[in-house]
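Student: So the sequence shown is numbered by numbering that gives the first Met the number 0: it starts at 0 and just counts up by one. The beta-carbon is built from N, C-alpha and C at its ideal position, and this holds for glycine as well. It should be emphasised that the depicted structure is a prediction, and the values quoted were computed from it without experimental measurement. Before anything else, here's the structure in question.
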Amino acid sequence: MTMTPFRRHVALAVDGGGIKGLIVAQALERLEKELGGKPLIDHPQIQVLAGTSTGAIITAGLAVGMHAREIAEMYVTIGKELFKPLLPPYFPRPLQQLYRVLLSISRTSVYSAEGLINVYKRLVGEKTLGELHEELRRRRGPDKALIVTTVDVKNRRTKFLKSYDPKDGDWKLYEAVLASSAAPTYLPVYKRIEGLTDVRYYADGGIGNYNNPGYVAAREAVHWKHAKPGDVTVLSFGVGWLAPVNFEATFGRPSEWRAIDWAKNGVALLIGDAARGQSLNVIEGYVSLGMDFRRFQIGLLKDIPIDSSDPANLAELRRLGDELGERLIKNQHALEDAQYDPEGLLIMLDRYRDSLKRVEESEYSVHTN
């Protein structure tokens with residue numbers, strides 16, 4: 000089976016998820032080969048890149064012309080050099096988690112940002128978003144854009160950093176990636192002085208509503224590109240999804256969670272629900288108008304921590320990436336078949352539409368009686 004051709008404008012979006020971004024980088028390597036082997040940013044139809052957290056790392060790398068293979072290797076470097084085990088691997092998982100919690104209590108973050116800054120600088124250099132915009136115009140064409148999400152902590156809102164927006168032009172690209180991936184408790188918030196005295200603090204974009212930036216990519220393609228929805232393909236990539244039975248096997252029964260368990264696991268519930276919500280927003284807002292939306296997500300048998308450096312886990316992420324890459328080429332995505340929809344988007348959509356139908360029928364009954 001050959002890949003269904005793209006529409007005139009292609010937007011690519013990548014979710015957050017730490018080291019699990021290796022899945023997407025590996026899958027994109029397969030896409031790159033399918034499209035001829037050049038960096039994806041050189042493909043004329045790929046015009047919008049949107050990323051959150053680990054997705055910001057991937058899309059920033061693509062924006063500066065990196066091959067997907069290079070980005071995948073960079074994830075292995077992050078795993079080995081930065082996310083070194085806090086305790087030897089023979090310590091059981093519960094004890095490892097307890098030690099992490101104790102570190103979180105005694106420190107502002109488990110890891111320092113210094114090593115990550117060095118990796119990001121090697122990845123994208125010292126260029127600003129404004130310089131990236133000019134480079135994209137000069138070398139890749141006038142209609143390419145990178146958007147990354149971060150959260151402005153003091154103002155409690157998501158900030159969208161856009162390569163084409165002059166207001167964001169003085170942000171270093173590595174700063175934007177660092178701000179987008181500053182996962183609470185894992186990495187320190189990113190502090191930035193704006194203007195003369197305004198101190199802002201930025202945290203991982205995933206703690207807002209846009210850990211899945213699929214809707215951001217779709218909206219940019221339509222409103223910034225002024226494209227008709229029917230002329231747009233959105234490739235939206237998740238970084239793995241635990242089925243309910245595997246979630247409970249990993250985290251235990253919610254009825255038995257203690258306060259500390261809710262503190263650790265509650266964020267995952269919010270982020271997961273918000274991620275599905277953004278896909279539903281694309282379906283309701285744009286697919287209904289003809290947009291080609293391809294949501295690629297893969298089921299996980301077990302949870303892989305976002306800071307894992309275990310060689311076995313890294314090998315499993317690569318394997319999952321190869322599988323996701325094959326699905327990408329074979330058009331096996333959420334809207335095509337329920338077996339490729341581990342998030343249950345189609346089920347949620349059907350329930351939502353059924354509830355709307357019941358409301359409409361109820362209102363009709365009231366008005367006619």
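What does the Cβ neighbour count give for L288, buried or exposed, with the cut at 16 atoms within 10 Å?
Tutor: So L288 ends up on the exposed side.
Student: I'd like to know whether the C-beta atoms of G237 and M290 end up nearer to each other than 9 Å.
Tutor: no
Student: Which term fits E80, buried or exposed, when burial requires 16 or more other beta carbons within 10 angstroms of its beta carbon?
Tutor: exposed
Student: In whole angstroms, what separates the C-alpha of K371 from that of D260?
Tutor: Because the chain here runs from 0 to 368, residue 371 falls outside it and cannot be looked at.
Student: Could you check whether A62 and K161 sit closer than 9 Å to each other, using their CB atoms as the reference points?
Tutor: no
Student: Flag this pair as yes or no: are the beta carbons of A55 and T157 separated by less than 9 Å?
Tutor: no
Student: Please state the DSSP three-state secondary structure of D142.
Tutor: coil
Student: Which two residues bound the contiguous alpha helix (DSSP H) that contains V118?
Tutor: E113 to V123
Student: Is the beta carbon of V233 less than 9 Å from the beta carbon of G265?
Tutor: No, Cβ-Cβ distance for V233 and G265 is not below 9 Å.
Student: Do you know how far the Cα of E69 is from the Cα of L27?
Tutor: 11 Å
Student: On the three-state DSSP scale, how would you describe I22?
Tutor: helix
Student: Following the continuous alpha helix (DSSP H) through Q277, name the residue where it begins and the one where it ends.
Tutor: First-last of the alpha helix (DSSP H) with Q277: A258 to G284.
Student: With DSSP as the reference, identify every bridge partner of W240, one or two as the case may be.
Tutor: G298
Student: Out of V23, L115 and V221, point me to the one whose CA is closest to V13's CA.
Tutor: V23
Student: Taking the alpha helix (DSSP H) that D321 belongs to, which residues open and close that run?
Tutor: P310 to I328
Student: Pick from F292, E255 and A71: whose alpha carbon is nearest that of R218?
Tutor: F292
Student: Hey, how far is the Cα of V109 from the Cα of T127?
Tutor: 28 Å
Student: With a threshold of 7 Å on Cβ separation, who are the neighbours of K171 within its own chain once the five nearest residues in sequence on each side are excluded?
Tutor: E125 and T127
Student: Could you check if V198 is buried or exposed, using at least 16 other CB atoms within 10 Å of its CB as the buried criterion?
Tutor: Label assigned to V198: exposed.
Student: Jot down the residue ranges of each uninterrupted alpha helix (DSSP H) in the region 200-226, minimum 4 residues, whole runs only, in chain order.
Tutor: 213-218
Student: Counting only beta-carbon atoms, is I305 nearer than 9 Å to chain D?
Tutor: Annotation note: the requested chain D is absent from the structure, which comprises a single protein chain.
Student: Quick one: measure Cβ to Cβ for L299 and W223, integer angstroms, because I've assumed they're closer than 8 Å.
Tutor: Contact flag wrong, Cβ pair sits at about 34 Å.
Student: Tell me whether A333 is buried or exposed, calling it buried when 16 or more other Cβ atoms sit within 10 Å of its Cβ.
Tutor: Taking all protein chains shown into account, A333 has 16 or more neighbouring C-beta atoms within 10 Å of its C-beta and is therefore buried.
Student: Are R139 and G64 close, meaning C-beta to C-beta below 9 Å?
Tutor: yes
Student: Taking the C-alpha atoms as reference points, what is the distance between A267 and I192?
Tutor: 30 Å
Student: So, I270 versus A216, is the Cβ gap smaller than 9 Å?
Tutor: no
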